[in-house]
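Each remark here refers to the structure printed beneath this line.
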Amino acid sequence: MTKPLEGIKIIDFTHVQAGPACTQLLAWFGADVIKVERPGSGDVTRNQLRDIPDADALYFTMLNSNKKSLTLDTKKPEGKEVLERLIRESDVLVENFGPGALDRMGFSWERLNELNPKMIVASVKGFSDGHHYDDLKVYENVAQCAGGAASTTGFWDGPPTISAAALGDSNTGMHLAIGILTALLGRDKTGKGQKVAVSMQDSVLNLCRVKLRDQQRLERVGYLEEYPQYPHGEFSDVVPRGGNAGGGGQPGWVLKCKGWETDPNAYIYFTIQGHAWEPICKALGKPEWIDDPAYKTAEARQPHIFEIFGTIEAWLADKTKFEAVDILRKFDIPCAPVLTMKELANDPSLRASGTIVEVPHKKRGSYLTVGSPIKFSDMKPEVTASPLLGEHTDEVLASLGYSRQDIFNLREVKAV
Ligand code: CAO
1 MTKPLEGIKI
11 IDFTHVQAGP
21 ACTQLLAWFG
31 ADVIKVERPG
41 SGDVTRNQLR
51 DIPDADALYF
61 TMLNSNKKSL
71 TLDTKKPEGK
81 EVLERLIRES
91 DVLVENFGPG
101 ALDRMGFSWE
111 RLNELNPKMI
121 VASVKGFSDG
131 HHYDDLKVYE
141 NVAQCAGGAA
151 STTGFWDGPP
161 TISAAALGDS
171 NTGMHLAIGI
181 LTALLGRDKT
191 GKGQKVAVSM
201 QDSVLNLCRV
211 KLRDQQRLER
221 VGYLEEYPQY
231 PHGEFSDVVP
241 RGGNAGGGGQ
251 PGWVLKCKGW
261 ETDPNAYIYF
271 TIQGHAWEPI
281 CKALGKPEWI
291 DDPAYKTAEA
301 RQPHIFEIFG
311 TIEAWLADKT
321 KFEAVDILRK
331 FDIPCAPVLT
341 MKELANDPSL
351 RASGTIVEVP
361 HKKRGSYLTV
371 GSPIKFSDMK
381 PEVTASPLLG
391 EHTDEVLASL
401 GYSRQDIFNL
411 REVKAV
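Throughout the sequence shown, residue numbering follows the numbering used here, covering 1 to 416 in sequence.
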C-alpha cells in the first residue's frame, strides 16, 4: 500500500519525547525518517529506565518505531560534511535540542536554508523565540507548569498537579507534525521551505484554552458556576483547581463503584448532560426527580450537585465499573470506567483497531506500544521496531553516494 508521506525524507535530529513523537507519527504515515544520533550513546532514552540489561529501553522503543538510525558526530568536520549532504537531499529537518545547540553546531536556520532552500526546518523549544524565558531548557512537567495546566489541575486544597498525559512533550510533537505537514503543502505552492517552530508552553496553553475562558468569565462575574467552589466556597481572582469537575457546561465527577475500598481504580466518570436528565433519573430509579423544581434544571441542580453525585454513588455501590457503564450506556449517558494501563494493554478493541500493538524487536523480544491514534480508510499505519543504535549507518551513507572505503573511514577510522 502506498503511504501518503512516501518519498518525504526527514532528518530526525530529535531526542527524548517531544521531537521523537512527531517524527514517529510522520514515519507511520510513510516518511523516510533518519534519526541522527551521537555515536556510542545515541538518544538518551535508549538508556533511561531500562527494564532489560543491554537492550534499548521502552522509553526509546515506544517513540522511535519505523525510523532508521544513523550515527554521526555532527560536531566533527567529517560528520558535518555527511550531514550537509543529507540536508541537500532531505525535505524536512526536525530538532528539539536545547536553545542555541543547532546554531553552535554550525547549522543555523540561515545556513540550513542556504544549503537547501526547499527544506522545512522544524523545531521544538520550551518557550517561543523572543520569550523572556527562551534560554531555558524544558522537560514535560516544566512545560505543564509554564503553560497553565498545573495551576488548574488537581484539588483546590492541594498543590498544583501534573497530568500523566504528555501535554508538554507528545502534545507539542503533534502540533509540530501539523506545522510540518502545513509547510509541506505550502512548499508545493511556493517551492520554498520555511522554519516551523512550536514551543511546549504554547502547546500546553493551547490545550488549556478553556481555562483562559474561565479566567475572563471569573474577572467579569466573580464566580464559575460549574466549579465545586460554587456556590458555597470562595473564589479568588484566578481560576482555581476544580478537582474532577467537568470543564464544559456538563457537570461531572469521578464516582466510586463496587470495590473502591480495595481497588484504587474502581470508579467511573459520570456526566450529567442537561438534556439527559430524564434518562439519568430513570437509570437511577429516581423518577420523582424528573419534574422536581429542585432538580429539574441544571441551574437548580448545581447548588446541591454533590448530593446528587452522592445518590449516584449509592446506586453504584453494588455495581462494578463495567457493570455500571453497561447499564448507563443504554440510557445514553456519557460515562466511562476509569481504566488502568493493565486493562488498556489487554483491551481487545484497542488490539483490534491497532491502537495497542505488539512489535517484534531484535534485542527485546516483542513489546507493546501505542500505534497510530489516527485511522484512515485507505491506509493502515503499520508499526515496525525502533532501530538499534547506528543500525542503518552504512545503508544511509551508501545512499548518499559514499563508497565502501569512505564508509569504512567514516565509521571505523574517524569514529563518526
Ligand atoms: N553529534 C554531536 N553532538 C550532538 C549530536 C551529535 N549527533 N546530537 C546532539 N549533540 C549535542 C548538541 O550539539 C548539544 O551540544 P552543545 O550543548 O554543546 O551545543 C548537545 O548534544 C545536546 O544538548 P541539549 O541541550 O539538547 O541536551 P540536554 O540533555 O542538555 O537537554 C533538553 C535536554 C530536552 C532539556 C533540551 O534538549 C531542550 O530543552 N530541548 C528543547 C525542549 C524539548 O524538546 N524538551 C522536551 C524533551 S522531552 O521531555
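From the three backbone atoms N, C-alpha and C, an ideal C-beta is built for every residue, glycine too.
Any contact of the stretch 2-18 with the stretch 26-34, i.e. 3+ C-beta pairs under 8 Å? yes
Proximity to residue 73 [Cα-Cα], best of 85, 240, 36, 244: 36
Kindly list the residues whose CB is nearer than 8 Å to the CB of residue 163, restricted to its own chain and excluding five residues on each side of it in sequence; keep chain order. 144, 149, 153
Excluding the 5 residues preceding and the 5 following residue 244 in the sequence, name in chain order all residues of the same chain whose CB lies nearer than 8 Å to its CB. 252, 253, 254, 269
Of the residues 51, 278, 85, 38, the one placed nearest residue 75, counting alpha carbons only: 38
Three CB pairs or more closer than 8 Å across the stretch 52-71 and the stretch 95-107: no
From residue 10 to residue 33, what distance separates their C-alpha atoms? 5 Å
Where does the unbroken beta strand (DSSP E) through residue 271 begin, and where does it stop? 267-271
Whose C-beta lies closer than 7 Å to the C-beta of residue 313 among residues of the same chain, with five residues either side of it excluded? 255, 256
For the beta strand (DSSP E) that contains residue 181, what are its first and last residues? That residue, residue 181, is in no beta strand (DSSP E); its alpha helix (DSSP H) goes 170-190.
Can you tell me whether residue 23 is buried or exposed, with buried defined as 16 or more other CB within 10 angstroms of its CB? buried
Which parts of the stretch 283-314 are runs of the alpha helix (DSSP H), unbroken and 4 residues or longer, counting only runs that do not cross its ends? 298-301
Contacts around residue 179, its chain only, beta-carbon distance under 7 Å, and the 5 residues preceding and following it disregarded: 122, 196, 198
Taking residue 19 as the reference, which of 119, 104, 174, 54 has the closest Cα? 174
Return the CA-CA distance between residue 297 and residue 343, expressed in angstroms with no decimal places. 37 Å
Using the C-alpha atoms, what's the distance from residue 370 back to residue 410? 36 Å
Taking only beta-carbon atoms, is residue 356 less than 9 Å away from chain D? Annotation note: the requested chain D is absent from the structure, which comprises a single protein chain.
Based on the DSSP output, what are the partners of residue 281 in its beta bridges? Beta-bridge pairing links residue 281 to no other residue.
Going along the chain, which residues of its own chain have a beta-carbon closer than 7 Å to the beta-carbon of residue 426, five neighbours each way excluded? Lying before the first or after the last residue shown, residue 426 is absent from the chain, which here runs from 1 to 416.
Can you tell me which of the three DSSP states residue 77 falls into? helix
Less than 8 Å between C-beta atoms, sequence neighbours within five positions excluded: which residues of the same chain meet that for residue 271? 246, 250, 251, 252, 333, 334, 335
When burial is assigned at 16 or more other CB atoms within 10 Å of the CB, is residue 47 buried or exposed? exposed
Any idea which residues DSSP pairs residue 199 with across the strands? 125
Check: residue 252 C-beta below 8 Å from any heavy atom of the ligand CAO: no
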